[in-house]
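A.B. asks:
Numbering (the numbering used here), first residue to last: 45 to 340.
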């Protein structure tokens with residue numbers, strides 16, 4: 045799904061030669077740096093670097109990876125991605141199973157005034173609280189936000205800043221593909237998105253990587269209008285690949301009023317139960333059986 049050679053090629057094409065001290069003229073036809081220029085600046089032979097870009101050389105040393113990251117001007121997220129790609133053939137990470145602990149669901153249910161989701165590395169929503177279900181207008185389990193953004197909502201739907209959302213999604217999936225290159229479900233999702241969305245194909249070819257941590261998220265809800273929220277991503281422990289996402293509104297803002305109105309509309313419709321996966325809800329019941337229930 046992702047490879048060291050392709051990542052090096054795309055990063056090389058984006059380096060301004062002047063920024064690394066290489067003079068240019070109008071006859072230069074290569075976009076970015078030439079392969080021999082990257083090799084020279086990194087202190088490796090041209091032949092070795094060419095073999096890296098052709099996928100014929102694998103497992104470069106840590107010193108070579110450091111040098112390449114410096115020459116290519118990689119940021120912290122890109123540098124980590126490059127290291128994972130360089131180590132791939134040595135040790136491949138197993139994709140997490142995706143089971144949500146009952147204790148996490150209790151935490152999710154306690155978040156009453158902000159939409160909150162638990163999501164895995166494939167952007168599958170494993171559980172969501174009541175406000176999340178009202179925001180998305182559908183049950184949370186079964187929702188994949190990448191599929192939702194590219195194939196279901198597109199530019200006219202829920203996401204007010206749709207184009208930037210697509211950049212975030214593709215960057216996240218690139219990171220996930222580098223970390224879990226043998227995850228068949230992730231590969232299937234990427235293939236589905238590539239088949240169904242021309243924009244996804246174009247962005248995927250750029251090989252950009254993005255780490256989702258926090259930032260503004262704007263939603264255009266059909267009942268309450270524009271909601272400008274702040275998203276915080278909390279990576280869950282034990283290398284589960286899961287994140288808790290909380291979408292909060294600034295105190296006294298129109299978005300806070302909008303979320304309050306949305307919660308009230310849901311209550312008017314009798315929607316009082318959190319949109320939590322039925323399978324996950326069963327985990328809660330299994331962990332806390334009613335009195336008198338036979339134990340197995």
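By construction, the Cβ of each residue, glycine as well, lies at the ideal position given by its N, Cα and C atoms.
DSSP three-state call for residue 222: helix, strand or coil?
C.D. replies: Indexing the chain shown from 1 puts residue 222 at position 178. The answer is helix: DSSP assigns residue 222 an H, G or I state.
A.B. asks: Any idea if residue 258 is buried or exposed, counting beta-carbon neighbours within 10 angstroms, 16 or more meaning buried?
C.D. replies: Counting from one through the chain shown, the residue named residue 258 turns up at place 214. Exposed, since its Cβ has fewer than 16 Cβ neighbours within 10 Å.
A.B. asks: Indicate whether at least one CB of chain C lies closer than 8 Å to the CB of residue 201.
C.D. replies: Of the protein chains in the structure, only one exists, and it is not chain C.
A.B. asks: What first and last residue would you give for the beta strand (DSSP E) that runs through residue 278?
C.D. replies: Here residue 278 corresponds to residue number 234 of the chain shown, with the count starting at 1. It spans 269-279 - the beta strand (DSSP E) in which residue 278 sits, taken as one unbroken run.
A.B. asks: Using three-state DSSP, classify residue 49 as helix, strand or coil.
C.D. replies: One-based indexing of the chain shown puts residue 49 at position 5. Three-state result, residue 49: helix.
A.B. asks: If residue 302 and residue 271 are in contact, beta carbons under 8 Å, what's the gap, nearest whole angstrom?
C.D. replies: Counted from its first residue, the chain shown places residue 302 at position 258. Counted from its first residue, the chain shown places residue 271 at position 227. So it is a contact: roughly 5 Å between Cβ atoms.
A.B. asks: Taking C-beta to C-beta, are residue 184 and residue 287 nearer than 8 Å?
C.D. replies: Locating residue 184 in the chain shown gives position 140, where the first residue counts as 1. Locating residue 287 in the chain shown gives position 243, where the first residue counts as 1. Going by C-beta atoms, residue 184 is not nearer than 8 Å to residue 287.
A.B. asks: For residue 113 and residue 154, I'd like the C-alpha separation in whole angstroms.
C.D. replies: Position 69 of the chain shown, counted from the first residue, corresponds to residue 113. Position 110 of the chain shown, counted from the first residue, corresponds to residue 154. Computed Cα separation, rounded: 43 Å.
A.B. asks: When you compare the segment 259-279 with the segment 221-228, are there three or more beta-carbon pairs, one atom per stretch, that lie closer than 8 Å?
C.D. replies: Flag = no, the segment 259-279 and the segment 221-228 do not touch.
A.B. asks: Looking at C-alpha atoms only, which residue of 234, 92, 144 is the closest neighbour of residue 171?
C.D. replies: For the purposes of this step, residue 171 is identified with residue 127 of the chain shown, where counting begins at 1. Closest by alpha carbon: 144.
A.B. asks: Please report the residue range of the alpha helix (DSSP H) in which residue 125 lies.
C.D. replies: On the chain shown, residue 125 is found 81 positions in, with the first residue counted as 1. Its alpha helix (DSSP H) spans residues 120-131.
A.B. asks: With DSSP as the reference, label residue 88 as helix, strand or coil.
C.D. replies: The residue you call residue 88 lines up with position 44 of the chain shown. In the structure shown, residue 88 sits in coil (DSSP, three-state: anything other than H, G, I, E or B).
A.B. asks: Between which two residues does the alpha helix (DSSP H) carrying residue 114 extend?
C.D. replies: In the chain shown, counting from the first residue as 1, residue 114 sits at position 70. Note, residue 114: alpha helix (DSSP H), 106-115.
A.B. asks: Ignoring anything shorter than 3 residues or poking outside the segment 160-221, list the beta strand (DSSP E) runs there in chain order.
C.D. replies: Listed in chain order, the complete beta strand (DSSP E) runs (minimum 3 residues) inside the segment 160-221 are 160-163, 169-172.
A.B. asks: Kindly list the residues whose CB is nearer than 6 Å to the CB of residue 86, restricted to its own chain and excluding five residues on each side of it in sequence; keep chain order.
C.D. replies: Residue mapping note: residue 86 aligns to position 42 of the chain shown, counting from 1. If we look at residue 86 and ignore the five residues flanking it on each side, its Cβ neighbours are 111, 112, 115.
A.B. asks: Is the segment 239-254 close to the segment 187-195, with three or more CB pairs under 8 Å?
C.D. replies: Segments in contact, yes.
A.B. asks: In chain order, what residues of the same chain have a beta carbon less than 8 Å from the beta carbon of residue 234, not counting five sequence neighbours either side?
C.D. replies: Here residue 234 refers to the residue found at position 190 when the chain shown is read from its first residue. The answer, listed in chain order, is 45, 217, 221, 248.
A.B. asks: Can you tell which of 169, 83, 61 has the C-alpha that lies nearest to the C-alpha of residue 73?
C.D. replies: The residue labelled residue 73 in the question sits at position 29 within the chain shown. Measuring from the Cα of residue 73, the nearest candidate turns out to be 61.
A.B. asks: Could you check if residue 61 belongs to the surroundings of the ligand GDP, using beta carbon to heavy atom distance under 7 Å?
C.D. replies: This structure simply doesn't include the ligand GDP, nor any ligand for that matter.
A.B. asks: Taking the alpha carbon of residue 106 as the point to measure from, which residue in 88, 219, 208 has its own alpha carbon closest?
C.D. replies: Stepping through the chain shown from its first residue, residue 106 is reached at position 62. Checking every option, the nearest Cα to that of residue 106 belongs to 88.
A.B. asks: Would you kindly report the start and end of the unbroken alpha helix (DSSP H) that includes residue 74?
C.D. replies: The sequence position of residue 74 within the chain shown is 30, counting from 1. Premise fails: residue 74 is in no alpha helix (DSSP H) and is neither H nor E.
A.B. asks: Kindly indicate which three-state DSSP category residue 158 falls into: helix, strand or coil?
C.D. replies: Position 114 of the chain shown, counted from the first residue, corresponds to residue 158. Residue 158: coil per DSSP, three-state reduction.
A.B. asks: For residue 64, which of helix, strand or coil comes out of DSSP?
C.D. replies: Taking the chain shown and counting its residues from 1, one reaches residue 64 at position 20. Of the three classes helix, strand and coil, the one that applies to residue 64 here is helix, per DSSP.
A.B. asks: Are three or more beta carbon pairs between the segment 114-129 and the segment 46-58 nearer than 8 Å?
C.D. replies: Touching, yes.
A.B. asks: Please report the straight-line C-alpha distance between residue 316 and residue 209, rounded to a whole angstrom.
C.D. replies: Locating residue 316 in the chain shown gives position 272, where the first residue counts as 1. Locating residue 209 in the chain shown gives position 165, where the first residue counts as 1. Confidence at residue 316 is low in this model, with a pLDDT of 40, below 50, so its placement is unreliable and no value can be given for it.
A.B. asks: Spell out the partners DSSP gives residue 287 in its beta bridges.
C.D. replies: Start at 1 with the first residue of the chain shown, and residue 287 comes out as number 243. DSSP, once it has assigned bridges, lists 163, 279 as partnering residue 287.
A.B. asks: Alpha carbon to alpha carbon, what distance is there between residue 161 and residue 27?
C.D. replies: With the chain running from 45 to 340 in the structure shown, residue 27 is simply not present.
A.B. asks: Report, in whole angstroms, the separation of the C-beta atoms of residue 255 and residue 121, which I expect to be a contact under 8 Å.
C.D. replies: For this step, residue 255 is matched to residue 211 along the chain shown. For this step, residue 121 is matched to residue 77 along the chain shown. Contact flag correct, Cβ pair sits at about 4 Å.
A.B. asks: From residue 59 to residue 98, what distance separates their C-alpha atoms?
C.D. replies: Taking the chain shown and counting its residues from 1, one reaches residue 59 at position 15. Taking the chain shown and counting its residues from 1, one reaches residue 98 at position 54. Roughly 19 Å separates the two Cα atoms.
A.B. asks: Let me confirm a value: residue 240 is counted as buried when at least 16 other C-beta atoms fall within 10 Å, else exposed. Which label applies?
C.D. replies: Within the chain shown, the letter at position 196 stands for residue 240. Result: exposed.
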